[in-house]
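Report on one structure; see the data block that follows.
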Amino acid sequence: MLQMLIIGGGIHGVHLAHRLLHDTWLTHDDIRILDPHEELLHEWRRCTRNCGMQYLRSPAVHHIDIDPFSLDKYAALAENRQDANFIPPKDRPSVELFDRHCQMVLDDHRLKFLHLKGRALKIQKRIGHVSVVTAEETIHARFVLFALGMGGQPLWPHWADHLSEQGVMVNHVFDPGFWLKDIQADGPVAVIGAGISGGQLALHLIEKGFESVLLVSSKAIQVSDFDFDPGWLGPKYLDRFHRQSNDQRRQQIMAARAKGSVPRDIKLALDKATALNQLTCIVDDIIDAKCQNGGALLIGRHGRYDCQKIVLATGFTENRPGNGFISQAIKEFDLKTAACGFPVIEPTLQWHERIFVTGPLSELQIGPSARNIAGARHSGRRITAAFSKESIP
Ligand SMILES: Cc1cc2nc3c(=O)[nH]c(=O)nc-3n(C[C@H](O)[C@H](O)[C@H](O)COP(=O)(O)OP(=O)(O)OC[C@H]3O[C@@H](n4cnc5c(N)ncnc54)[C@H](O)[C@@H]3O)c2cc1C
Numbered sequence: 195m196l197q198m199l200i201i202g203g204g205i206h207g208v209h210l211a212h213r214l215l216h217d218t219w220l221t222h223d224d225i226r227i228l229d230p231h232e233e234l235l236h237e238w239r240r241c242t243r244n245c246g247m248q249y250l251r252s253p254a255v256h257h258i259d260i261d262p263f264s265l266d267k268y269a270a271l272a273e274n275r276q277d278a279n280f281i282p283p284k285d286r287p288s289v290e291l292f293d294r295h296c297q298m299v300l301d302d303h304r305l306k307f308l309h310l311k312g313r314a315l316k317i318q319k320r321i322g323h324v325s326v327v328t329a330e331e332t333i334h335a336r337f338v339l340f341a342l343g344m345g346g347q348p349l350w351p352h353w354a355d356h357l358s359e360q361g362v363m364v365n366h367v368f369d370p371g372f373w374l375k376d377i378q379a380d381g382p383v384a385v386i387g388a389g390i391s392g393g394q395l396a397l398h399l400i401e402k403g404f405e406s407v408l409l410v411s412s413k414a415i416q417v418s419d420f421d422f423d424p425g426w427l428g429p430k431y432l433d434r435f436h437r438q439s440n441d442q443r444r445q446q447i448m449a450a451r452a453k454g455s456v457p458r459d460i461k462l463a464l465d466k467a468t469a470l471n472q473l474t475c476i477v478d479d480i481i482d483a484k485c486q487n488g489g490a491l492l493i494g495r496h497g498r499y500d501c502q503k504i505v506l507a508t509g510f511t512e513n514r515p516g517n518g519f520i521s522q523a524i525k526e527f528d529l530k531t532a533a534c535g536f537p538v539i540e541p542t543l544q545w546h547e548r549i550f551v552t553g554p555l556s557e558l559q560i561g562p563s564a565r566n567i568a569g570a571r572h573s574g575r576r577i578t579a580a581f582s583k584e585s586i587p
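Laid out in structure tokens, this is it:
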């Protein structure tokens, strides 16, 4: 029987597998990563590619390897040394470098051999272990780790749903199965949402040859270099956070995440594109839309805007990830949730003696960084500490 089944093969699942192999007595025979895609890290690669992301928002010490300076050391190798590897502040790596470094970690530590292709549909409580059911098989493991990410739930405004039903081309940049490369550069395109994904996407569409790009956001574009204040990575803010109730923690997480903001370099690039008439930035709240001449008329509180196609960059819903699978797990194991619906977990990130969580599901312990790469590293340290021989026989 497996010791640990990790459900989800994204940044979190892969880093956790690597860390468990590195820091604990678990071996390659003891761990598997269950993920429905052909390859591990599929969602990361698809989402960053769809946004045309050039540089990460996080600094060079946030990556999937163990040594915080692993990415710096990799970039310094003669074959990897390039001018465009990092940009300030705090040496943000290029996506290209980051992805090659991920591949190096996967190859060097034989992590791809841990991958089982499939989706967890159901989890069952057994004596001394759990069973996870997929469409193909039932997998038995002493412990499971939920590393599901937010990927399954892009946020669609209600007007966009109606428009799509009427045949207008509307896509969400994070829709499973959507690839930006499939969109043809003809007619005006509206990007809805001017956070980092929308900002980068608008610049990418201009690069792809779109002559008329509208970037629509409900508030003026905000600048913030990081997703959250770096004080959230250590005791500066976390000590107080851990003394608060789950409701207060949720409020702090919402307030701390710089949602709908862009780093300075993206803001400068957007300003430049606007000055060159390649981009029109509109601050308006779209409340309705109509199908018109095969395209759309967007109706805002302050005006109306024509476009041929729409790409939503409106982020993810705030709901607990995992949908039916997590709801079933809650029933089966009688798991505790806070008013926001997210897991109430131990400092070890255990939701049950047999279930660990990371990513958004660990937010009420890890705080606003939980969804990020830094959050994966933080979870990794907590889970491996709990998984030492002493505490988990
Ligand atoms: C465009 C973009 C840019 C980002 N840039 C940064 C950045 O610069 N720095 C940073 O720190 N963070 C960044 N983030 C945030 C975060 O680091 C990424 O979203 C990261 O990919 C999250 O990893 P994850 O493993 O939690 O989720 P995912 O990458 O979504 O992986 C989860 C996996 O679990 C699988 N899964 C879900 N349900 C099941 C199931 N029932 N059974 C089996 N498998 C399942 C999914 O199919 C998926 O493959 C960015 C996010 C986005 C979208």
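In my numbering, the protein residues as written are 195 to 587. No residue lacks a Cβ here, since even glycine has one placed at the ideal position from N, Cα and C.
In the DSSP assignment, the beta strand (DSSP E) including residue i goes from what residue to what residue?
{"i": "valine 289", "result": "Element bounds for valine 289: not the beta strand (DSSP E) but the alpha helix (DSSP H), 289-302."}
{"i": "aspartate 500", "result": "498-501"}
{"i": "isoleucine 620", "result": "Residue numbering for the chain in the displayed model covers 195 to 587; residue 620 lies beyond these limits and cannot be assessed."}
{"i": "histidine 546", "result": "544-546"}
{"i": "leucine 310", "result": "309-311"}
{"i": "serine 411", "result": "407-411"}
Would you decide whether residue i is buried or exposed? Buried here means 16 or more other CB atoms lie within 10 Å of its CB.
{"i": "alanine 379", "result": "exposed"}
{"i": "glycine 361", "result": "exposed"}
{"i": "proline 262", "result": "exposed"}
{"i": "asparagine 487", "result": "exposed"}
{"i": "valine 538", "result": "exposed"}
{"i": "asparagine 517", "result": "exposed"}
{"i": "methionine 344", "result": "buried"}
{"i": "glutamine 438", "result": "exposed"}
{"i": "aspartate 528", "result": "exposed"}
{"i": "proline 429", "result": "exposed"}
{"i": "isoleucine 481", "result": "exposed"}
{"i": "valine 417", "result": "exposed"}
{"i": "alanine 568", "result": "buried"}
{"i": "asparagine 471", "result": "exposed"}
{"i": "isoleucine 415", "result": "buried"}
{"i": "glutamate 237", "result": "buried"}
{"i": "tryptophan 545", "result": "buried"}
{"i": "phenylalanine 581", "result": "buried"}
{"i": "arginine 320", "result": "exposed"}
{"i": "tryptophan 608", "result": "What is shown of the chain runs 195 to 587, which leaves residue 608 out entirely."}
{"i": "isoleucine 195", "result": "The question names isoleucine, yet the displayed sequence has methionine at residue 195. With fewer than 16 other Cβ atoms within 10 Å, it is exposed."}
Is DSSP giving residue i helix, strand or coil here?
{"i": "leucine 506", "result": "strand"}
{"i": "glutamine 445", "result": "helix"}
{"i": "lysine 267", "result": "helix"}
{"i": "glutamine 559", "result": "helix"}
{"i": "glycine 392", "result": "helix"}
{"i": "valine 538", "result": "coil"}
{"i": "proline 429", "result": "helix"}
{"i": "glycine 196", "result": "Note that residue 196 is leucine in the sequence shown, not glycine. Of the three classes helix, strand and coil, the one that applies to leucine 196 here is strand, per DSSP."}
Which partner residues of residue i appear in the DSSP bridge assignment?
{"i": "glycine 489", "result": "Gln486"}
{"i": "glutamine 318", "result": "Ser325"}
{"i": "tyrosine 249", "result": "Ser288"}
{"i": "asparagine 365", "result": "Val505"}
{"i": "isoleucine 644", "result": "With the chain covering 195 to 587 only, the question about residue 644 has no answer from this structure."}
{"i": "leucine 494", "result": "The sequence as given places glycine at residue 494; leucine does not occur at that position. Paired residues: Ile480."}
{"i": "phenylalanine 340", "result": "Ile201 and Val551"}
{"i": "isoleucine 281", "result": "Arg286"}
{"i": "cysteine 241", "result": "Partner(s): none; cysteine 241 has no beta bridge."}
{"i": "valine 208", "result": "In DSSP, valine 208 forms no bridge with anything."}
{"i": "threonine 474", "result": "Leu408"}
{"i": "threonine 531", "result": "Pro537"}
{"i": "valine 417", "result": "Val456"}
Under 8 Å by Cβ, that's how I've got residue i and residue j pegged, so tell me the actual separation to the nearest angstrom.
{"i": "leucine 506", "j": "tyrosine 499", "result": "Going by Cβ atoms, the distance from leucine 506 to tyrosine 499 rounds to 15 Å, so no, they are not a contact pair."}
{"i": "aspartate 217", "j": "threonine 578", "result": "4 Å"}
{"i": "serine 411", "j": "alanine 388", "result": "3 Å"}
{"i": "leucine 395", "j": "glycine 246", "result": "6 Å"}
{"i": "alanine 564", "j": "proline 554", "result": "6 Å"}
{"i": "proline 287", "j": "isoleucine 390", "result": "Wrong, their Cβ atoms sit about 15 Å apart, outside the cutoff."}
{"i": "histidine 212", "j": "valine 299", "result": "6 Å"}
{"i": "leucine 234", "j": "leucine 305", "result": "7 Å"}
{"i": "glutamate 557", "j": "isoleucine 447", "result": "6 Å"}
{"i": "valine 326", "j": "alanine 341", "result": "Not a contact, Cβ separation roughly 13 Å."}
Which stretch, first to last residue, makes up the alpha helix (DSSP H) that contains residue i?
{"i": "aspartate 229", "result": "Not the alpha helix (DSSP H): aspartate 229 falls in the beta strand (DSSP E), residues 225-229."}
{"i": "alanine 467", "result": "458-469"}
{"i": "alanine 384", "result": "Counting along the chain, alanine 384 falls outside any alpha helix (DSSP H), though it belongs to the beta strand (DSSP E) covering 383-386."}
{"i": "leucine 357", "result": "352-359"}
{"i": "asparagine 517", "result": "517-527"}
If you measure from the beta carbon of residue i to each beta carbon in chain C, is any gap under 7 Å?
{"i": "alanine 379", "result": "Of the chains in the structure shown, none is chain C; there is only one protein chain."}
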